[in-house]
Amino acid sequence: MQDVRIRICASVLLCSAAFINIYGASAALVWWLLFTPRFVIIHRVRIVISMLIVIGIISLILQLNDGSGFSYFMRMLAIVLIGLWLAAAYQPGEFLRFFVWMGGNHIGFELGVMAEMAMQSFSTLLSDLDHIRMSLHMKGIPVTIKDIIPTANLLIHQELARAKDNAELLAIRGYHHGGRLTPVFIYDRMDIVALLGALLVAVIAIFPFVNFLYSGIEVFRGLL
Amino acid sequence: MTVARDHFSLIADGTFSEGIHLVSGDVGSGKSTLAFAIMGLISWDSGTISRDSIGPAMLSFQFPEYHITGMTLEEECTSWGVAWEEIFSSSGFHGQRDQSPFSLSRGELAQFYVSCFLNRHDDLLLLDEPFGSLDCESKKKVCDRLSYRTTGITIIFTHERTFLPKVDRIWEITDGILIDRGTVPDAITRWSGAPSLIKNLIREGKIPSNISYADILEAVCRT
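Chains as they are written, first to last, in the working numbering: chain A, -5 to 218; chain B, 239 to 461.
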């Protein structure tokens, strides 16, 4: 999917649908299977596995507590997978173009710059984490919960230092407020089909009749 | 072994034996890649790296902040498995043991970590740009301390031109290939990327006995 506007719009629709109920989550997962390269573009498999383990533990607790664990797991799984796809498909400069298109050359540009800087920070954070892991490995220190505090401390310090550097760089280059950009977007027929698919997912989540149908099916299955 | 990325490749073939080795090369030539590969922290595409009879090994990162795993300098020393008394007395951080490592400047942090590395007595010590954040005085001190590391294998990956320690062997990375220039002092004349001061001295027939600041100074003053 080439057009960032369609990608963001589809992600918002899908995540909202997944959040509303399990039917929306199921439909969003089907959409993810049909319209994304699935796990091919995910490079940080360990992070994904860690996230799924955390979600799985919370789901198990919820399931044992009030029986809502399965629904929670499905909804979170859909949101995480859609989020991962959105992050992996990101190309530098896309969010700036998107926000300028949406909000113009003043507020939109500001938001776009912030979004781009946040995305840049995200990739450097991952690189920082790699280095911390290497350092712990070389020191022969097993990674434990106790290490979260110094690790977070380091990450926050690094981020603050980088934010200060970036702010100084923008100030030195005379950046004051907004900018000028003429965003250009390219999309194909499949992008439109995917967007329509995301709309359908949203309808499935919202339309109460579908919920009624699903509950009817469940009653039928229960009778069987 | 070989490493190939998008617009980068590195071919390395050689044996690092006991002593101090200098691996020089331009920025982006592949020095850090080689250091990380030797340490086994990144994967390579073909070939093998074998570490014969090597016990504890350590790589010093170019950016010292990445080594921080403790909340205080004392905790940092403990994480390296070295006695904090030794570090604080040898590196001038006396009285700062409860201080956060982040309260130090990058240069101070680099000095602190060099002290930690040298007090560990690893069999293999890899130093990636150890002079990067240091002032001239600190570089001299680090070089002096490195020159006295008599056991184990020490490999210094740097593009530093002025302050270097006494080394046993010089290697160069040129056009993505690691080249062994041999043992010092013969290697100095074969070192194509040698600092211009050393090249001028060679031209004048004053070949320094080694590449440390003191050796170069001696060659300059030689009549």
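Backbone N, C-alpha and C define an ideal beta-carbon position, used for all residues, glycine too.
Spatially closest choice to H151 of chain A from B:D264, B:D382, B:I306 and B:K437, by CA coordinates: B:I306
Counting only Cβ pairs nearer than 8 Å, list the residues of chain A close to L342 of chain B. Near L342 of chain B there are no residues of chain A at all, since even the closest Cβ is about 12 Å away, more than 8 Å.
Name the residue from B:T400, B:R387 and B:L260 whose alpha carbon lies nearest to the alpha carbon of I417 of chain B. B:L260
Would you call the stretch 104 to 120 of chain A and the stretch 144 to 159 of chain A touching, i.e. three or more CB-CB distances under 8 Å? yes
Does the distance from the C-beta atom of L347 of chain B to that of S317 of chain B stay below 9 Å? no
Leaving out five residues on either side along the sequence, give the residues of the same chain with a beta carbon under 7 Å from the beta carbon of S450 of chain B. C381, S385, L402, P403 and K404
CA-to-CA distance, F29 of chain A to I14 of chain A, given in whole angstroms: 21 Å
What would DSSP say about H151 of chain A, mapped onto helix, strand or coil? helix
Verify whether the separation of the beta carbon atoms of I426 of chain B and I445 of chain B is less than 9 Å. yes
What does F299 of chain B touch in chain A if you count any residue whose Cβ is under 9 Å from its own? H125, M128 and S129
From the DSSP secondary-structure annotation, give me the bridge partner or partners of L416 of chain B. B:I411
Beta carbons nearer than 9 Å to chain B: which residues of the stretch 144 to 160 of chain A have them? P144, T145, N147, L148, H151, Q152 and A155
Give a yes or no on whether the C-beta atoms belonging to I101 of chain A and G191 of chain A are separated by under 9 Å. no
Quick check: the Cα distance between S62 of chain A and I16 of chain A, rounded to an integer number of angstroms? 10 Å
If you pair each beta-carbon of the stretch 85 to 100 of chain A with each one of the stretch 161 to 168 of chain A, do three or more pairs fall below 8 Å? no
May I ask you to check if the CB of D244 of chain B is nearer than 8 Å to at least one heavy atom of the ligand GDP? Ligands in the displayed structure: none, and consequently the ligand GDP is not present.
Show which residues of chain B have a CB atom less than 8 Å away from the CB atom of I135 of chain A. T307 and S317
Considering just the uninterrupted stretch of the beta strand (DSSP E) at H259 of chain B, what are its terminal residues? G257 to G263
Take every Cβ of the stretch 334 to 342 of chain B, pair it with every Cβ of the stretch 359 to 368 of chain B, and state whether three or more of those distances are shorter than 8 Å. no
With a cut-off of 8 Å, do at least 3 Cβ pairs link the stretch 130 to 150 of chain A to the stretch 97 to 112 of chain A? no
Which ranges does the alpha helix (DSSP H) cover as unbroken runs of at least 4 residues, wholly within the stretch 308 to 367 of chain B, from first to last along the chain? 311 to 318, 322 to 329 and 344 to 358
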